[in-house]
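Undergrad: Got a structure for you, questions after.
Residue numbers (the numbering used here): 356 to 653.
Okay, structure coming up:
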């Protein structure tokens with residue numbers, strides 16, 4: 356696992372790695388402490404377990420009282436409290452130094468660079484196809500918007516991550532908009548597939564089922580058009596039908612790549628830049644940015 360993947364995991368979970376306890380009573384020669392917010396701590400620990408840096412501490416915690424209960428609040432004897440507190444503290448120190456290493460990365464303060472994680476590749480033919488997909492989905496709209504240019508700087512080890520310069524922060528924002536719209540379309544397509552499977556269980560006549568499926572396709576295409584038009588209005592001076600169609604192709608292409616495991620994120624550690632891109636761990640919760648804009652304007 357490289358630092359790009361580690362950063363995403365840490366950013367999503369560092370605030371959960373927090374052990375809170377307070378003294379409550381003494382008796383029979385022992386002191387007792389009440390630990391709270393334990394479910395959040397457990398989730399955070401399980402989420403960072405995939406990082407290869409904290410295995411000993413997490414294994415010890417999983418064997419302790421912390422994971423022998425599912426309660427959010429526990430009262431434990433002083434020595435048990437101290438053991439868990441020390442292990443969590445060691446993990447927090449490790450996270451701190453790991454974050455420092457990530458932020459010292461030469462690309463972390465540059466706001467015109469993105470990281471692209473490619474889906475699994477088993478042949479040069481697949482690599483060529485993904486390369487062509489990314490050209491259609493990213494390079495063409497970035498160049499046509501006159502807000503940047505695409506330059507592959509390097510590839511990171513581990514999973515295949517491309518480090519790509521887009522020339523300007525505006526171009527990064529354009530790609531963020533495409534990725535967000537792609538995640539929205541992916542969610543809508545997943546919902547449509549679930550609806551279609553449910554409709555089949557109702558034993559509808561073929562023509563009725565076909566009408567429902569076609570209505571779903573029309574709805575998704577309308578959403579796709581609205582997303583493309585919103586991106587064009589924000590990032591392009593010229594908004595010809597050809598521009599809209601190319602943006603629709605970009606959105607659909609990125610949506611397919613996300614479905615296969617691709618990720619596109621900014622290199623900058625700035626939290627505001629990260630908010631422009633979808634949370635790939637919570638794609639089922641994503642909402643259209645068009646709705647957000649309308650809500651903010653009310």
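C-beta atoms are modelled at their ideal positions from N, C-alpha and C, and glycine is treated no differently.
Shortest alpha-carbon distance to residue 454 belongs to which of 361, 481, 509 and 467?
TA: The count along the chain shown starts at 1 and reaches residue 454 at position 99. Residue 361 is the option with its Cα nearest to residue 454.
Undergrad: Within 10 angstroms of its Cβ, does residue 400 collect 16 or more other Cβ (buried), or is it exposed?
TA: Your numbering for residue 400 matches position 45 in the chain shown. Buried, because 16 or more other Cβ atoms sit within 10 Å of the Cβ of residue 400.
Undergrad: Specify the secondary structure class of residue 621 as computed by DSSP and reduced to three states.
TA: Position 266 of the chain shown, counted from the start, is the residue given in the question as residue 621. In the structure shown, residue 621 sits in a strand (DSSP, three-state: E or B).
Undergrad: In whole angstroms, give me the CA-to-CA distance for residue 501 and residue 549.
TA: Mapped onto the chain shown, residue 501 falls at position 146. Mapped onto the chain shown, residue 549 falls at position 194. If you take the alpha carbons of residue 501 and residue 549, they lie about 40 Å apart.
Undergrad: In whole angstroms, what separates the C-alpha of residue 442 from that of residue 419?
TA: In the chain shown, residue 442 corresponds to position 87, counting from 1. In the chain shown, residue 419 corresponds to position 64, counting from 1. Looking at the two C-alpha atoms, the distance is approximately 11 Å.
Undergrad: So, at 7 Å on beta carbons, what are the nonlocal neighbours of residue 587 in its own chain, with the 5 sequence-adjacent residues on each side left out?
TA: Locating residue 587 in the chain shown gives position 232, counting from the first residue. For residue 587, where only same-chain residues beyond five positions count, the Cβ hits under 7 Å are 594, 598, 599 and 602.
Undergrad: What does the Cβ neighbour count give for residue 479, buried or exposed, with the cut at 16 atoms within 10 Å?
TA: On the chain shown, residue 479 is found 124 positions in, with the first residue counted as 1. Residue 479 should be labelled exposed.
Undergrad: With DSSP collapsed to three states, give me the class of residue 635.
TA: By one-based count along the chain shown, residue 635 stands at place 280. Three-state DSSP puts residue 635 in coil, outside helix and strand.
Undergrad: Taking the DSSP output, what are the residues bridged to residue 377?
TA: Counting from 1 along the chain shown, the entry for residue 377 is found at position 22. Residue 377 pairs with 389.
Undergrad: Helix, strand or coil for residue 410 per DSSP?
TA: Start at 1 with the first residue of the chain shown, and residue 410 comes out as number 55. Helix at residue 410.
Undergrad: By a C-beta neighbour count over all protein chains shown, 10 Å radius and 16 as the cutoff for buried, is residue 384 buried or exposed?
TA: Numbered from its first residue, the chain shown carries residue 384 at position 29. By the 10 Å Cβ count, residue 384 comes out exposed.
Undergrad: Pairs of beta-carbons, one from the segment 377-392 and one from the segment 421-432, closer than 8 Å: are there three or more?
TA: As far as the Cβ criterion goes, the segment 377-392 touches the segment 421-432, which means the pair count is three or higher.
Undergrad: List the endpoints of the continuous beta strand (DSSP E) containing residue 478.
TA: In the chain shown, the residue the question calls residue 478 occupies position 123. Per DSSP, residue 478 belongs to no beta strand (DSSP E) and is neither H nor E.
Undergrad: Where DSSP assigns a beta bridge to residue 382, which residues make up the other side?
TA: Mapped onto the chain shown, residue 382 falls at position 27. Paired residues: 385.
Undergrad: Report the rounded CA-to-CA distance for residue 535 versus residue 633, giving the unit in angstroms.
TA: Position 180 of the chain shown, counted from the start, is the residue given in the question as residue 535. Position 278 of the chain shown, counted from the start, is the residue given in the question as residue 633. Roughly 5 Å separates the two Cα atoms.
Undergrad: With respect to 7 Å, is the separation between the Cβ of residue 451 and the closest non-hydrogen atom of the ligand NAD below this value?
TA: Questions concerning the ligand NAD fall outside what the structure shown contains, since it holds no ligand whatsoever.
Undergrad: What is the rounded straight-line gap between the Cα of residue 540 and the Cα of residue 607?
TA: Here residue 540 is taken as the residue at index 185 of the chain shown, counted from 1. Here residue 607 is taken as the residue at index 252 of the chain shown, counted from 1. For residue 540 and residue 607, the distance between alpha carbons rounds to 8 Å.
Undergrad: In this structure, does DSSP put residue 494 in helix, strand or coil?
TA: Your numbering for residue 494 matches position 139 in the chain shown. If DSSP states are grouped into helix, strand and coil, residue 494 belongs with the helices.
Undergrad: Using the C-alpha atoms, what's the distance from residue 643 back to residue 554?
TA: Looking up residue 554 in the chain shown gives position 199. Looking up residue 643 in the chain shown gives position 288. Distance between the alpha carbons of residue 554 and residue 643 is about 25 Å.
Undergrad: Tell me, please, whether the segment 605-624 touches the segment 521-534 by the rule of three or more beta-carbon pairs shorter than 8 Å.
TA: They touch, by the three-pair rule.
Undergrad: Which one of 567, 403 and 523 has the shortest CA to CA distance from residue 590?
TA: The residue you call residue 590 lines up with position 235 of the chain shown. The residue with the shortest Cα to Cα distance from residue 590 is 523.
Undergrad: Can you tell which of 575, 592 and 365 has the C-alpha that lies nearest to the C-alpha of residue 456?
TA: Taking the chain shown and counting its residues from 1, one reaches residue 456 at position 101. With distances taken between Cα atoms, residue 456 lies closest to 365.
Undergrad: List the endpoints of the continuous beta strand (DSSP E) containing residue 519.
TA: As a working mapping, residue 519 is identified with position 164 in the chain shown. Run containing residue 519: 516-520, per the beta strand (DSSP E) assignment.
Undergrad: Determine the DSSP secondary structure at residue 509, reduced to helix, strand or coil.
TA: Locating residue 509 in the chain shown gives position 154, where the first residue counts as 1. The answer is strand: DSSP assigns residue 509 an E or B state.
Undergrad: What does residue 431 pair with, by DSSP beta-bridge criteria?
TA: Taking the first residue of the chain shown as position 1, residue 431 is located at position 76. DSSP lists 388 as partners of residue 431.
Undergrad: Starting from residue 594, follow the alpha helix (DSSP H) in both directions and report where the run begins and ends.
TA: Taking the first residue of the chain shown as 1, we reach residue 594 at position 239. Note, residue 594: premise wrong, no alpha helix (DSSP H); not H, not E.
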